[in-house]
DNA sequence: GGTATAAATGACTCAGCAGTCACTTTTGTC
DNA sequence: GACAAAAGTGACTGCTGAGTCATTTATACC
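Protein chains in written order, with our numbering: chain A, 6 to 227; chain B, 6 to 227.
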């Protein structure tokens, strides 16, 4: 068999190397167009939510025609999924428990790393991503699932490991945090809900609330 | 001027006493019909959210015709508001700080009252009401506002008063809870978000989480 | 410049659904 | 039973917006 036929491959849909000699626009330009659509969609979804965002508006914002969006995404749902998944990658909170110095207390380590991340949550629209996942979570269980797997679970695991270490070293006097790592993380989700859904007018300072929680969990009386 | 004219009063729209001699169905039956619409709407909104609920379906579920709903509620939004407001009244969590026994510690009082309420949150669909308020909050700021005013703020105030009392009596060794009553309440909202939006498969026990928080905040080392 | 291929367009189709309204039924009053 | 007034009906209207597709434009290769 010779390498003829099998030519009508749409590049948009497959990302393998072009075996057949290419025609049309460069893959770079295609990628840029795709990205501009995703960016516009993100902005629209953040502003208006899934149901109230129209493909027409996304197209206008991206500076392309409506029909083009359907070349890149088979349906509105697919666009939404792509947008959120891209953002979830960035939402990942970085607390690498392996980086704790040998003689550093768990509490100090958390203050040095996690607290900083938390203060940054409200910037970089991480909280808004969480808001979106929450708001559309019941319509898109798959997305909530991804968020849980990629953002929440790793965080829970790290806290659990740290808590176990702190328990062993005697830094923690009880098993509460080992048993339920959500104890430490609860203020994050509570803060997001309060600030983004329930009381935009009087937002709580999530970083501050989290530090208080750290104080309370590590039983420090000031 | 004599009391003639001004007769075409639709009873549905005004709830004053019937000055003019009444015709048509009894106010009781009218109220029942209205209630059956609200009940059906609640169920539908809980199942599918605002955008995915159709008036047609609500009507079918209530066993009435579509048009009738518009006799009772001017628009879909108005129906939603009515439904949620009715439920918010029931969502009110009962922790009357005046009922604390003179020599009862604040912690004991909270365990006796609030913890019980919290364990009951997941029953009676209070958590589902919260879920709805959160999910539709950005589309209905007015409803989030009502929820905040009628459910959250009173709770915050009570916790603050109790915390102040505990601080005076020496039961609390720091000002954290006085400064930010959300510290105690955070697990509630976090729990709702986790259970209703992010991880339906592995729900946390909100009551348990809340008790842990109580332990931590009141610095009890078991 | 000619040609093949893919990108891009936007007018159009079609479905769903909020809200309307002319009509029917029920209820109470005399 | 006759009437008036309100409750209740459901076919219909009009609009919005997702998704399609025939056509046009851009790009690459010869």
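The beta carbon of each residue, even a glycine, is placed where N, CA and C say it ideally should be.
Because the structure is a prediction, the values reported are computed rather than measured.
Which same chain residues, not among the five before or five after residue i, have their C-beta less than 6 Å away from its C-beta?
{"i": "residue 166(A)", "result": "102"}
{"i": "residue 142(A)", "result": "149"}
{"i": "residue 135(A)", "result": "197"}
{"i": "residue 200(B)", "result": "208"}
{"i": "residue 39(A)", "result": "77"}
Would you mind telling me which residues of chain A sit closer than 7 Å to residue i, beta carbon to beta carbon, in chain order?
{"i": "residue 90(B)", "result": "Chain A residues near residue 90(B): none, gap ~16 Å exceeds 7 Å."}
{"i": "residue 181(B)", "result": "217, 220 and 221"}
{"i": "residue 149(B)", "result": "202 and 203"}
{"i": "residue 171(B)", "result": "Per Cβ cutoff of 7 Å: no residues; residue 171(B) is ~14 Å from chain A at best."}
Return the CA-CA distance between residue i and residue j, expressed in angstroms with no decimal places.
{"i": "residue 132(A)", "j": "residue 117(B)", "result": "35 Å"}
{"i": "residue 13(A)", "j": "residue 168(A)", "result": "Here residue 13(A) scores only 36 on pLDDT, less than 50, and its place in the model should not be relied on; the value that follows carries that caveat. Approximately 56 Å between the Cα atoms of the pair."}
{"i": "residue 219(B)", "j": "residue 104(A)", "result": "31 Å"}
{"i": "residue 172(B)", "j": "residue 223(B)", "result": "11 Å"}
{"i": "residue 217(A)", "j": "residue 138(A)", "result": "26 Å"}
{"i": "residue 203(A)", "j": "residue 186(B)", "result": "16 Å"}
{"i": "residue 37(A)", "j": "residue 81(A)", "result": "19 Å"}
{"i": "residue 183(A)", "j": "residue 164(A)", "result": "8 Å"}
{"i": "residue 190(B)", "j": "residue 83(A)", "result": "37 Å"}
{"i": "residue 194(B)", "j": "residue 85(A)", "result": "26 Å"}
{"i": "residue 192(B)", "j": "residue 192(A)", "result": "7 Å"}
{"i": "residue 144(A)", "j": "residue 50(A)", "result": "14 Å"}
{"i": "residue 127(B)", "j": "residue 153(A)", "result": "21 Å"}
{"i": "residue 32(A)", "j": "residue 75(A)", "result": "18 Å"}
{"i": "residue 107(A)", "j": "residue 146(A)", "result": "41 Å"}
{"i": "residue 64(A)", "j": "residue 69(B)", "result": "41 Å"}
{"i": "residue 48(B)", "j": "residue 71(A)", "result": "36 Å"}
{"i": "residue 41(B)", "j": "residue 67(B)", "result": "6 Å"}
{"i": "residue 73(B)", "j": "residue 59(B)", "result": "14 Å"}
{"i": "residue 174(A)", "j": "residue 112(B)", "result": "29 Å"}
{"i": "residue 114(A)", "j": "residue 79(A)", "result": "46 Å"}
I believe residue i touches residue j by the beta-carbon criterion, under 8 Å. Please report the beta-carbon distance rounded to the nearest angstrom.
{"i": "residue 88(B)", "j": "residue 56(B)", "result": "Actually they are not in contact, since the Cβ atoms of residue 88(B) and residue 56(B) sit about 15 Å apart, beyond 8 Å."}
{"i": "residue 188(A)", "j": "residue 221(B)", "result": "7 Å"}
{"i": "residue 158(B)", "j": "residue 122(B)", "result": "With a Cβ gap of about 16 Å, residue 158(B) and residue 122(B) do not count as contacting."}
{"i": "residue 52(A)", "j": "residue 110(A)", "result": "That pair is no contact at about 43 Å."}
Starting from residue i, find everything on chain B with Cβ-Cβ shorter than 8 Å and list it in chain order.
{"i": "residue 222(A)", "result": "221"}
{"i": "residue 139(A)", "result": "139, 140, 198, 202 and 203"}
{"i": "residue 209(A)", "result": "185 and 187"}
{"i": "residue 103(A)", "result": "Those within 8 Å of residue 103(A) in chain B number zero; the least Cβ separation is about 26 Å."}
So residue i contacts chain B; which residues on that side make the cut at Cβ distance below 9 Å?
{"i": "residue 54(A)", "result": "56, 143 and 144"}
{"i": "residue 46(A)", "result": "Going along chain B, no residue has its Cβ under 9 Å from residue 46(A), so there is no contact; the nearest lies around 17 Å."}
{"i": "residue 168(A)", "result": "Near residue 168(A) there are no residues of chain B at all, since even the closest Cβ is about 12 Å away, more than 9 Å."}
{"i": "residue 70(A)", "result": "The contacting residues do not exist; residue 70(A) stays about 26 Å from chain B at best."}
Output, in chain order, the set of chain B residues within a Cβ distance shorter than 7 Å of residue i.
{"i": "residue 153(A)", "result": "203 and 204"}
{"i": "residue 67(A)", "result": "Going along chain B, no residue has its Cβ under 7 Å from residue 67(A), so there is no contact; the nearest lies around 23 Å."}
{"i": "residue 125(A)", "result": "Residues of chain B passing the Cβ test: none, with the nearest at roughly 19 Å."}
What does residue i touch in chain A if you count any residue whose Cβ is under 8 Å from its own?
{"i": "residue 214(B)", "result": "185, 187, 188 and 191"}
Going by beta carbon distance, what residues of the same chain come within less than 7 Å of residue i, once the five residues before and after it are set aside?
{"i": "residue 20(A)", "result": "Low per-residue confidence applies at residue 20(A): pLDDT is 41, beneath 50, and the placement is therefore not dependable enough to give any value."}
{"i": "residue 43(A)", "result": "87, 88 and 91"}
{"i": "residue 212(A)", "result": "120, 123 and 124"}
{"i": "residue 155(B)", "result": "93 and 97"}
{"i": "residue 178(A)", "result": "224"}
{"i": "residue 61(A)", "result": "71"}
{"i": "residue 210(A)", "result": "none"}
{"i": "residue 180(B)", "result": "172"}
{"i": "residue 170(B)", "result": "111"}
Chain A partners of residue i, CB-CB under 9 Å?
{"i": "residue 157(B)", "result": "199, 203 and 204"}
{"i": "residue 106(B)", "result": "None at all; the shortest Cβ gap to chain A is about 26 Å."}
{"i": "residue 132(B)", "result": "Simply none; closest approach about 12 Å."}
Taking 8 Å as the limit between beta carbons, can you name the residues of its chain near residue i, skipping five residues before and five after?
{"i": "residue 206(A)", "result": "none"}
{"i": "residue 161(A)", "result": "186, 187 and 190"}
{"i": "residue 151(A)", "result": "89, 90 and 93"}
{"i": "residue 54(A)", "result": "137, 140 and 141"}
{"i": "residue 129(A)", "result": "95"}
(request) List in chain order: all unbroken alpha helix (DSSP H) runs of 4+ residues lying wholly within the region 152 to 179 of chain A. (result) 158 to 173
(request) Could you tell me which uninterrupted alpha helix (DSSP H) segments, each at least 4 residues in length, are contained entirely in the region 42 to 129 of chain B, listed from first to last along the chain? (result) 60 to 67, 71 to 77, 81 to 96, 111 to 117 and 119 to 126
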